[in-house]
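Working notes, beginning with the structure itself.
In the working numbering, the protein residues as written are 741 to 953.
In structure tokens:
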């Protein structure tokens with residue numbers, strides 16, 4: 741039975757730009773014939789000017805393009821610098837049959853992955869360290885473990901959702917602001933916004949959606 745692993749991935753890729761946006765949702769990593777590594781991701785927030793300035797200043801990004809947009813999100817393609825591409829750990833994960841299920845790029849890069857065995861996990865960690873990319877394990881559990889949250893939310897998402905609910909953030913009118921709840925949890929407004937959005941999306945996928953996957 742596969743393992744589910746949550747870990748912090750201490751990579752410099754997009755770290756500067758991530759500080760300027762509410763949430764980044766990775767869609768795809770791919771390469772082109774020139775050998776350039778590119779990332780495709782959604783940036784989710786209410787305003788994107790500061791984020792694009794941060795993209796332009798991010799030392800791991802060679803160039804970026806906005807491909808599509810909606811009222812609260814924009815799809816970006818970014819080409820990584822050669823030095824940044826060398827820090828990518830996806831090729832290692834793919835080689836070891838490790839599947840990344842979720843990546844939260846707010847505050848720090850937190851990854852939830854399906855891992856075939858502890859040996860694969862430790863091999864992945866060792867090869868990341870050889871690249872100069874730190875890995876800090878947070879949690880390991882069996883995929884069908886009965887005490888795992890049945891709705892798929894992470895511990896941090898659950899904490900944020902319950903705090904917002906108890907403080908009256910979801911009331912109409914609201915009894916608490918985003919900043920009030922963020923201060924209680926000792927995290928930034930952007931981090932809380934991302935956890936609430938991602939947690940709500942996960943709950944909807946596991947309850948109302950026809951296909952919970």
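Built from N, CA and C at the ideal position, the CB exists for glycine as well.
A quick note: this is a predicted structure, and the numbers were derived from the prediction, not measured.
- In the DSSP assignment, residue 880 falls within the unbroken beta strand (DSSP E) covering 874-882.
- Assignment of residue 920 by DSSP, reduced to helix, strand and coil, places it in the helix class.
- Under the three-state reduction of DSSP, residue 786 is assigned to coil, being neither helix nor strand.
- The Cβ-Cβ distance between residue 781 and residue 766 falls below 8 Å.
- Contact between residue 936 and residue 901 is confirmed by a C-beta separation of about 6 Å, below the 8 Å threshold.
- The stretch 785-794 makes no contact with the stretch 825-833: fewer than 3 CB pairs, one atom from each, lie closer than 8 Å.
- By the Cβ test, the stretch 805-824 is not in contact with the stretch 742-749, since fewer than three Cβ pairs between them sit closer than 8 Å.
- Residue 873 and residue 751 do touch by the CB rule: their CB atoms are close to 5 Å apart, below 8 Å.
- Beta-bridge partners assigned by DSSP to residue 806: 816.
- In this structure, the beta-carbon distance from residue 903 to residue 924 falls below 8 Å.
- Note on residue 893: 16 or more other CB atoms within 10 angstroms of its CB, so buried under the neighbour-count rule.
- Rounded to whole angstroms, the gap between the alpha carbons of residue 810 and residue 859 is 42 Å.
- When only Cα atoms are considered, residue 909 and residue 944 end up about 18 Å apart.
- Residue 803 and residue 777 have their alpha carbons spaced roughly 11 Å apart.
- For residue 826, no beta strand (DSSP E) segment is defined, and its DSSP state is neither H nor E.
- Shown here for residue 876: same chain residues with a beta carbon closer than 8 Å to its own, the five before and five after excluded, namely 747, 748, 750 in chain order.
- Taking C-beta separations shorter than 7 Å and ignoring five residues to either side along the sequence, the partners of residue 837 in its chain run 856, 860, following chain order.
- For residue 865, the enclosing alpha helix (DSSP H) has its first and last residue at 858-870.
- In this model, residue 946 and residue 898 are separated by some 14 Å (Cα to Cα).
- Around the beta carbon of residue 881, a 10 Å sphere encloses fewer than 16 other beta carbons of the protein chains shown; the residue is thus reported as exposed.
- Taking a 10 Å sphere around the C-beta of residue 905, we find fewer than 16 other C-beta atoms and assign the residue as exposed.
- When DSSP states are grouped into helix, strand and coil, residue 910 belongs to the coil group.
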